[in-house]
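Peer 1: What follows is a structure written as structure tokens; I'll ask about it next.
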């Protein structure tokens with residue numbers, strides 16, 4: 004079997020890759036330490052090589068540094084989180100109120116990630132019956148970024164408790180940009196094998212066997 | 004800074020991880036060689052540790068082995084691909100007709116991946132204002148699977164030129180399962196640094212600078 008210019012990965016790499024997956028967390032507790040811009044750019048460069056439908060590269064990264072814009076994100080989170088809390092009752096309400104679900108005030112680096120839903124790049128290949136492929140391509144870029152960050156010791160937290168329109172307004176994005184994620188990035192206070200929601204008693208992990216079948 | 008039980012990754016790992024990202028391709032040309040079931044399960048086990056909103060693990064993997072079900076996927080691809088071709092004109096039409104966009108007849112392993120949009124796991128956390136987070140969680144699992152497969156020399160191709168309802172019917176899934184991806188998995192005929200759509204002259208890659216700004 005001819006594989007010109009192929010690249011093989013050994014068992015050591017595969018074991019470390021498994022560790023990377025195992026030690027990746029959604030991080031909400033950051034130290035005050037600044038993050039070197041070079042590290043963030045390295046992660047973004049790798050994200051830009053992620054799979055995208057039709058090679059459309061529909062990801063649009065906006066790093067939000069301006070304090071006024073950042074406050075708008077805090078505001079929409081607080082509004083949405085209060086509304087979410089109101090949906091819960093009994094023990095769930097008490098537990099939800101105790102969860103720390105974001106690090107918006109602490110994370111030194113913050114990225115709003117959008118999908119350009121009207122990009123002509125890729126000439127529409129693969130998007131006709133599944134237009135959502137544009138958003139999914141952006142999610143692969145986010146996951147690449149997340150793993151690249153963790154490989155550098157950086158923590159990433161994905162905040163979805165917010166109004167997408169409020170984030171778009173804070174970023175002054177046009178209507179064809181669809182918010183996919185708001186990411187908090189920084190140095191984690193702790194590195195953990197267990198998801199914070201599991202430690203907090205909110206949810207537990209389930210084995211693959213429950214989610215796989217063969218037909 | 005206390006980091007109990009932390010795991011660090013060295014520069015060798017980071018360089019190999021960058022190679023993994025660079026050498027991951029959407030593969031449509033597979034050899035006839037069978038794939039050991041253990042390898043697929045290893046990749047699925049890692050996928051099951053992907054980030055998911057509220058720890059909801061909404062991914063549902065259906066491995067499709069039955070030839071009749073597989074033929075239904077070929078049928079919906081052929082229908083959708085003919086319809087897509089009809090949208091193009093001139094050189095684009097000629098070029099599109101020459102693209103090989105899937106390996107549905109050759110890939111020894113095929114997976115339909117769904118999102119359970121009504122799962123109660125995670126108790127709805129993070130899904131109230133952005134219910135699409137369920138689908139996005141499944142995409143992170145697919146990307147983990149893809150990278151884990153590539154680290155084992157396996158190729159993965161994501162087919163989106165099909166009717167999601169036809170795939171759901173072939174898989175006999177209930178309505179709350181939303182198709183996210185149909186994956187072809189096998190040994191690639193070639194390993195390439197350049198995306199096939201770029202080699203075919205359909206689209207080129209663009210630098211990160213076009214997709215990033217700071218506000």
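Residue numbers (this note's numbering), protein chains in the order written: chain A, 4 to 218; chain B, 4 to 218. Glycine included, each C-beta is placed from N, C-alpha and C at the ideal position.
1) Residue range of the beta strand (DSSP E) that residue 31/B falls in?
2) Under 8 Å by Cβ, that's how I've got residue 167/A and residue 133/B pegged, so tell me the actual separation to the nearest angstrom.
3) Take the Cβ of residue 178/B as the centre, count every other Cβ of all protein chains shown within 10 Å, and call the residue buried at 16 or more, exposed below.
4) Judging by CA-CA distance, which residue of 49/A, 137/A and 69/A is the nearest neighbour of residue 56/A?
5) Which residues of chain B have a Cβ atom closer than 7 Å to the Cβ of residue 29/A, listed in chain order?
6) Starting from the beta carbon of residue 76/A, find every residue of chain B whose beta carbon is closer than 8 Å, and list them in chain order.
7) Using a beta-carbon distance cut-off of less than 8 Å, what residues from the stretch 110-135 of chain A approach chain B?
8) I want to verify the contact list: residues of chain A whose CB lies under 8 Å from the CB of residue 216/B, in sequence order.
9) Less than 9 Å between the beta carbons of residue 102/A and residue 184/A, yes or no?
10) Is any beta-carbon of chain B found at less than 9 Å from that of residue 32/A?
11) What does DSSP give as the partner residues of residue 191/B in its beta bridges?
12) Compare the beta carbon distance of residue 211/B and residue 181/A with 9 Å and say whether it is the shorter of the two.
13) For the beta strand (DSSP E) containing residue 65/A, list its first residue and its last residue.
14) Starting from residue 216/B, trace the beta strand (DSSP E) in both directions and tell me its first and last residue.
15) Can you name the residues of chain A whose CB is closer than 9 Å to the CB of residue 200/B?
16) Give the single residue among 216/A, 187/A and 209/A whose Cα lies nearest to the Cα of residue 77/A.
17) What does the Cβ neighbour count give for residue 5/B, buried or exposed, with the cut at 16 atoms within 10 Å?
18) Based on Cα-Cα distance, which residue from 172/B, 122/B and 189/B lies nearest to residue 149/B?
19) Pick out the complete alpha helix (DSSP H) segments inside the stretch 67-135 of chain B, 4 residues or longer, and give them in chain order.
20) List the endpoints of the continuous alpha helix (DSSP H) containing residue 43/A.
21) Measure how close the beta-carbons of residue 67/A and residue 113/A come, nearest whole angstrom, since I'm counting them as under 8 Å.
22) So, is residue 31/A buried or exposed, given that buried needs 16 or more other C-beta atoms within 10 angstroms?
23) Here's the rule: buried if 16 or more other CB atoms are within 10 angstroms of the residue's CB, otherwise exposed. What is residue 71/B?
24) Go ahead and label residue 93/A buried or exposed: buried means 16 or more other beta carbons lie within 10 angstroms of its beta carbon, across all protein chains shown.
25) What are the residues in the stretch 10-27 of chain A lying within 8 Å of chain B by C-beta distance?
26) What residues from the stretch 161-178 of chain B come within 9 Å of chain A, judged by C-beta to C-beta, listed N to C?
27) Can you give me the C-alpha to C-alpha distance between residue 240/B and residue 64/B, rounded to a whole angstrom?
28) Short of 8 Å in beta carbon distance, which residues of its chain neighbour residue 223/B, apart from the five on each side in sequence? Order them along the chain.
29) Using the beta-carbon of each residue, which ones in chain A are nearer than 8 Å to residue 147/B?
30) Report yes or no: is there a C-beta of chain A within less than 9 Å of the C-beta of residue 97/B?
31) For residue 173/B and residue 175/A, I'd like the C-alpha separation in whole angstroms.
32) Considering only their Cβ atoms, is the gap separating residue 11/B from residue 140/B smaller than 9 Å?
Peer 2: In short, the structure shows the following:
1) Along the second chain, one-based indexing puts residue 31/B at 28. Unbroken run through residue 31/B: none, as it is neither H nor E.
2) Translated into positions along the first chain, residue 167/A becomes position 164. Translated into positions along the second chain, residue 133/B becomes position 130. The pair is a contact, with the Cβ atoms about 7 Å apart (cut-off 8 Å).
3) Numbered from its first residue, the second chain carries residue 178/B at position 175. With fewer than 16 Cβ atoms within 10 Å of its Cβ, residue 178/B is classed as exposed.
4) Your numbering for residue 56/A matches position 53 in the first chain. Of the listed residues, the one whose Cα sits closest to residue 56/A is 137/A.
5) The count along the first chain starts at 1 and reaches residue 29/A at position 26. Ordered by position in chain B, the residues that pass the 7 Å Cβ test against residue 29/A are 54.
6) What you label residue 76/A is simply residue 73 of the first chain in a count that begins at 1. Those do not exist, as residue 76/A stays about 12 Å from chain B at its closest Cβ, beyond 8 Å.
7) 124, 125, 126, 127, 128, 129, 130, 131, 132, 133 and 135
8) As a first step, residue 216/B is located in the second chain; it is residue number 213 there, counting from the start. What residue 216/B touches in chain A: 64, 65 and 66.
9) Translated into the one-based positions of the first chain, residue 102/A becomes position 99. Translated into the one-based positions of the first chain, residue 184/A becomes position 181. Cβ atoms of residue 102/A and residue 184/A: not closer than 9 Å.
10) Counted from its first residue, the first chain places residue 32/A at position 29. It does not; no Cβ of chain B falls within 9 Å.
11) What you label residue 191/B is simply residue 188 of the second chain in a count that begins at 1. BP columns for residue 191/B point to 33/B.
12) Within the second chain, residue 211/B is the residue found at index 208, counting from 1. Within the first chain, residue 181/A is the residue found at index 178, counting from 1. Not in contact: residue 211/B and residue 181/A (Cβ atoms no closer than 9 Å).
13) On the first chain, position 62 is the one that residue 65/A refers to. Unbroken beta strand (DSSP E) run through residue 65/A: 62-66.
14) Residue 216/B sits at position 213 when you count from the first residue of the second chain. Where residue 216/B is concerned, the enclosing beta strand (DSSP E) stretches over 215-217.
15) Taking the second chain and counting its residues from 1, one reaches residue 200/B at position 197. Ordered by position in chain A, the residues that pass the 9 Å Cβ test against residue 200/B are 57, 58, 125 and 128.
16) For this step, residue 77/A is matched to residue 74 along the first chain. Closest by alpha carbon: 187/A.
17) Sequence index remark: in the second chain, residue 5/B carries index 2 (1-based). In this prediction, residue 5/B has a pLDDT of 47, which is less than 50 and means its spatial position is unreliable; what the coordinates show is noted afterwards. Burial call: exposed.
18) The residue you call residue 149/B lines up with position 146 of the second chain. Comparing Cα positions, the closest option is 189/B.
19) 70-90 and 93-101
20) In the first chain, the residue the question calls residue 43/A occupies position 40. It spans 40-50 - the alpha helix (DSSP H) in which residue 43/A sits, taken as one unbroken run.
21) In the first chain, residue 67/A corresponds to position 64, counting from 1. In the first chain, residue 113/A corresponds to position 110, counting from 1. Confirmed, about 5 Å.
22) For the purposes of this step, residue 31/A is taken as the residue at position 28 of the first chain. Its Cβ being crowded by 16 or more others within 10 Å, residue 31/A is buried.
23) Residue mapping note: residue 71/B aligns to position 68 of the second chain, counting from 1. Exposed.
24) In the first chain, the residue the question calls residue 93/A occupies position 90. Answer is exposed; the Cβ neighbour count stays below 16.
25) 10, 11, 12, 16, 17, 19, 20, 21, 22, 23, 24, 25, 26 and 27
26) 161, 162, 163, 164, 165, 166, 167, 173, 174 and 175
27) The requested residue 240/B does not occur in the structure, where chain B is confined to residues 4 to 218.
28) Within the shown structure, residues of chain B are numbered from 4 to 218, placing residue 223/B beyond reach of any answer.
29) Translated into the one-based positions of the second chain, residue 147/B becomes position 144. Residues of chain A passing the Cβ test: 24 and 146.
30) Taking the first residue of the second chain as 1, we reach residue 97/B at position 94. So no, residue 97/B is outside the interface.
31) For the purposes of this step, residue 173/B is identified with residue 170 of the second chain, where counting begins at 1. For the purposes of this step, residue 175/A is identified with residue 172 of the first chain, where counting begins at 1. Spanning the two alpha carbons is a distance of roughly 44 Å.
32) Mapped onto the second chain, residue 140/B falls at position 137. Mapped onto the second chain, residue 11/B falls at position 8. No.
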